[in-house]
DNA sequence: CACCAGGCAAGTA
DNA sequence: TACTTGCATGGT
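In this note's numbering, the protein residues as written are 98 to 319.
Rendered as structure tokens:
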């Protein structure tokens, strides 16, 4: 049994979970902030932080870039690592305001240039940069995260859970059409799969919707 | 109680 | 280059 192709995996997930209207945010800036705050944290906690920023009427780049650090810390506290995140978020917003005036201007950049610029900010790594490019700027950039690595390592024995970020990203991009809605929904499907069927404590994905093609599941079923 | 969540950057060898 | 460590709240 050969490992399923990315498109075959997507079709199975899509059939199981349906289309996921994922990471909606009222504005691109809200998505941008959410992408940074959600690092190594549950979305539930990020929602609290975002709600705090909204309640304080501060969910805009000017407010955050000029805010006192202690105030921003108190607002984003529920998202965890709050001191690091507050400082990094503020510094990133400051740089965007100073060097690009607005998020809208930033997002008018070429896709590769935007990604490189985002990576140059302290606090934005590969996954966050790609998430921002894909969901906030709306450009097709495939996102890899811990769930994607874990799920793929179980679905395809040739892929290690410790696979490099760029390596796995290229694996998908080389086998899929570069299409915005596909990239957005595929990543959402992987997160849904991860949360429901592919957690660390669930080494055998018996109920996994991709189980028919999952080597790990078949091995366990024997 | 222990363990984990949609990472990142700085430090070490 | 490749590993290790600190960061922190909130849910199960």
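All residues carry an ideal CB built from backbone N, CA and C; glycine is no exception.
If you're wondering where the values come from, they're calculated on a predicted model, not measured in any experiment.
Rounded straight-line distance, which links the Cα of residue j to that of residue i
| i | j | result |
| --- | --- | --- |
| residue 218 | residue 158 | 15 Å |
| residue 266 | residue 181 | 27 Å |
| residue 101 | residue 184 | 43 Å |
| residue 194 | residue 126 | 12 Å |
| residue 198 | residue 129 | 15 Å |
| residue 114 | residue 107 | 10 Å |
| residue 138 | residue 177 | 7 Å |
| residue 258 | residue 288 | 15 Å |
| residue 256 | residue 250 | 5 Å |
| residue 167 | residue 295 | 38 Å |
| residue 200 | residue 99 | 44 Å |
| residue 223 | residue 196 | 21 Å |
| residue 38 | residue 241 | Because the chain here runs from 98 to 319, residue 38 falls outside it and cannot be looked at. |
| residue 105 | residue 252 | 12 Å |
| residue 202 | residue 208 | 13 Å |
| residue 148 | residue 169 | 13 Å |
| residue 270 | residue 192 | 31 Å |
| residue 277 | residue 262 | 20 Å |
Span of the alpha helix (DSSP H), counted from its first residue to its last, around residue i
| i | result |
| --- | --- |
| residue 215 | 208-217 |
| residue 145 | 140-152 |
| residue 294 | 277-294 |
| residue 126 | 125-134 |
| residue 187 | 179-197 |
| residue 172 | 166-173 |
| residue 102 | From DSSP, residue 102 is part of no alpha helix (DSSP H); its letter is neither H nor E. |
| residue 158 | 158-162 |
| residue 274 | Unbroken run through residue 274: none, as it is neither H nor E. |
Which listed residue (the options) has its alpha carbon closest to that of residue i
| i | options | result |
| --- | --- | --- |
| residue 179 | 253, 125, 143, 260 | 143 |
| residue 212 | 198, 199, 280, 231 | 231 |
| residue 164 | 245, 175, 187 | 187 |
| residue 285 | 119, 109, 175 | 119 |
| residue 260 | 276, 271, 243 | 243 |
| residue 233 | 105, 117, 116, 131 | 131 |
| residue 140 | 152, 154, 121 | 121 |
| residue 228 | 116, 269, 136 | 136 |
Neighbourhood of residue i by C-beta, 6 Å cutoff - its chain only, sequence neighbours within 5 removed
| i | result |
| --- | --- |
| residue 315 | Note that residue 315 has pLDDT 45, beneath the 50 cutoff, so the model's placement of it is unreliable and no number is given. |
| residue 150 | 156, 172 |
| residue 273 | 103 |
| residue 111 | none |
| residue 275 | 237 |
| residue 190 | 158, 161, 162 |
| residue 221 | 215 |
| residue 146 | 134, 173, 175, 176 |
beta-carbon residue i near the ligand ZN non-hydrogen atom, thresh 8 Å
| i | result |
| --- | --- |
| residue 103 | In the structure shown, the ligand ZN is absent, as is every other ligand, since no ligand is present at all. |
Residues near residue i by beta carbon distance below 8 Å, same chain, minus five either side
| i | result |
| --- | --- |
| residue 206 | 214 |
| residue 306 | 109, 110, 112, 113, 114, 290, 294 |
| residue 210 | none |
| residue 117 | 282, 285, 286, 289 |
Same chain, Cβ closer than 7 Å to residue i, five either side skipped, listed in chain order
| i | result |
| --- | --- |
| residue 291 | 244, 247, 248 |
| residue 319 | Unreliable placement is indicated for residue 319, whose pLDDT of 34 sits below 50; the coordinate value is still reported in the next sentence. Answer for residue 319: no residue qualifies. |
At least three beta-carbon pairs within less than 8 Å, the segment 231-251 to the segment 279-296
yes
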